[in-house]
Amino acid sequence: RDNSLTGSIPPQLGNATRLEWMQLSDNEMDGPIPPELGRLEYLKELDLAGNSLTGSLPDTLFETATNLKKVYLEGNELNG
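If you're matching positions, the sequence shown starts at 361 in our numbering and goes up one per residue.
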């Protein structure tokens with residue numbers, strides 16, 4: 361959180377399949393949310409708030425990550 365991260369979210373994060381929470385809020389990340397994050401089947405909480413992410417939420421995020429209970433996306437430029 362608030363680590364001054366820039367650029368897009370690396371799709372390779374989808375390879376961390378045992379990850380239970382991801383907090384990348386309040387950075388300067390941009391671009392779309394990669395559909396590869398849908399591979400995170402154990403993910404319980406995803407916090408991407410306060411960035412400049414664009415596009416729509418990937419369907420894979422909610423189809424595979426069935427343990428996902430909390431999602432924070434406010435402060436981005438997402439649609440859909």
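Just so you know, even glycine gets a beta-carbon here, dropped at the ideal spot from N, CA and C.
Do residue j and residue i count as a contact pair if the criterion is CB distance below 8 Å?
{"i": "D359", "j": "G415", "result": "Residue 359 is absent from the structure shown; the chain starts at 361 and stops at 440."}
{"i": "T424", "j": "E401", "result": "yes"}
{"i": "L413", "j": "L397", "result": "no"}
{"i": "G440", "j": "L417", "result": "yes"}
{"i": "I369", "j": "P395", "result": "no"}
{"i": "L403", "j": "L433", "result": "no"}
{"i": "G435", "j": "R399", "result": "no"}
With which residues is residue i paired in a DSSP beta bridge?
{"i": "Q383", "result": "D407"}
{"i": "K429", "result": "Paired residues: none, contrary to the question."}
{"i": "D390", "result": "S412"}
{"i": "G367", "result": "M389"}
{"i": "L438", "result": "G415"}
Rounded to whole angstroms, how far is the Cβ of residue i from the Cβ of residue j, which I believe are closer than 8 Å?
{"i": "L365", "j": "E380", "result": "About 20 Å separates the two Cβ atoms, so there is no contact after all."}
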